[in-house]
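**Q** Input: one structure, supplied below.
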Amino acid sequence: MIKKIVLIGAGNVATHLGSALCGAGCDVVQVYSRTKESAMELADKLSAEYTVSVDGIRCDADMYIVALKDSALQELLPMLVKGREQAFFVHTAGSMPMDIWKGYLSHYGVFYPMQTFSKQRAVDFATVPFFVEAGGETELKMLKELSPKVYEATSEQRKYLHIAAVFACNFANHMYALSARILEKHHIPFEVMLSLIDETAKKVHELPPAKAQTGPAIRYDENVINRHLDLLADVPDMQELYEKISKSIYKQK
């Protein structure tokens, strides 16, 4: 059983994960962050200790969850594991291989929650898919006990999961931002798009995304497309994007 957990990181992922683990009966005993304010804030929320020093990280936890940027994980890894070589470490990154731990630790793995996290929004962790990988069967079993929705995935599979998530989430949200930019310029509130966005998202619960596609691009209605391109003449970056995405939609039908 995993009871005592140290969170290494205090960003969006660590904040939500810490709250979910505490709610599931785990004891987050310490939070590490290089920034004192963020370490204190999360530690207070979880009723845990905090430290801003790698040397101050406890050595008695059942598991260490590293939720850092990829570059920070690579930089800090040798220092994080020093004196804790027999401990169980996992990272939460979609794009980093499990083997980053190899040669440093005996017990290690990956605990990747595929979800978008913002500190100001609560997330129902019962619905979040976790993709796990571990260096041994015992560690794998321990990770599977942490969530009701767990899938095994290799580091190679997880790389493609991460790319797919960028398209489905980050790029889709960027389209909302561009939509908002157009609307704001013409004094129309973005809230008028919310019903459309919600219905689009609901449809892919029932239909394959390609079958749910509508709009001028799927039938390549050049009259409409060319009118839209003319309207975007003063923003050439958006005009180019509109044209490329329209062609991509038509080719994928």
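Position 147 (the sequence shown) corresponds to 127 in my numbering; numbering is contiguous. Ideal placement from N, C-alpha and C gives every residue a C-beta, glycine not left out.
1) Using a Cβ cut-off of 8 angstroms (strictly closer), state whether residue 35 contacts chain D.
2) If you follow the beta strand (DSSP E) that residue 20 is in, where does it begin and where does it stop?
3) With burial defined as no fewer than 16 other Cβ atoms inside 10 Å of the residue's Cβ, what is the status of residue 105: buried or exposed?
4) Quick one: complete beta strand (DSSP E) runs, 3+ long, within the stretch 135 to 181?
5) Quick check on residue 12: does DSSP put it in helix, strand or coil?
6) Helix, strand or coil for residue 185, going by three-state DSSP, please let me know.
7) Kindly examine the ligand COA and report whether one of its heavy atoms sits closer than 7 angstroms to the Cβ of residue 125.
8) Could you give the first and the last residue of the continuous alpha helix (DSSP H) run that contains residue 126?
9) Spell out the partners DSSP gives residue 87 in its beta bridges.
10) Would you decide whether residue 119 is buried or exposed? Buried here means 16 or more other CB atoms lie within 10 Å of its CB.
11) Taking the C-alpha atoms as reference points, what is the distance between residue 73 and residue 79?
12) Could you tell me the boundaries of the alpha helix (DSSP H) in which residue 271 lies?
13) According to DSSP, is residue 43 helix, strand or coil?
14) For residue 168, count neighbouring Cβ atoms within 10 angstroms of its own Cβ and tell me buried if that reaches 16, exposed if not.
15) Taking residue 230 as part of the alpha helix (DSSP H), name the residues at either end of that continuous run.
16) Just to confirm before moving on: does the CB-CB distance between residue 89 and residue 114 stay below 8 angstroms?
17) Apart from the five residues just before and just after residue 18, which ones in its own chain have a Cβ nearer than 7 angstroms to its Cβ?
18) If you run the structure through DSSP and keep just helix, strand and coil, what is residue 50?
19) From 61, 97, 220, 177, pick the residue whose C-alpha is nearest to that of residue 83; which is it?
20) Note down, in chain order, each residue of its chain lying with its Cβ closer than 7 angstroms to the Cβ of residue 99, except the 5 sequence neighbours on either side.
21) What residue range is occupied by the uninterrupted beta strand (DSSP E) comprising residue 244?
**A** Considering the structure as presented:
1) The question asks about chain D, but that chain is absent: this structure has only one protein chain.
2) No beta strand (DSSP E) contains residue 20, which is instead part of the alpha helix (DSSP H) from 16 to 26.
3) buried
4) none
5) strand
6) coil
7) Although the ligand COA was asked about, the structure shown includes no ligands whatsoever.
8) Note, residue 126: premise wrong, no alpha helix (DSSP H); not H, not E.
9) 68
10) buried
11) 12 angstroms
12) Examination of residue 271 is not possible in this model, given that the chain is present from -19 through 233 alone.
13) strand
14) exposed
15) 216 to 232
16) yes
17) -10
18) helix
19) 61
20) -8, -5
21) With the chain covering only -19 through 233, there is no way to say anything about residue 244.
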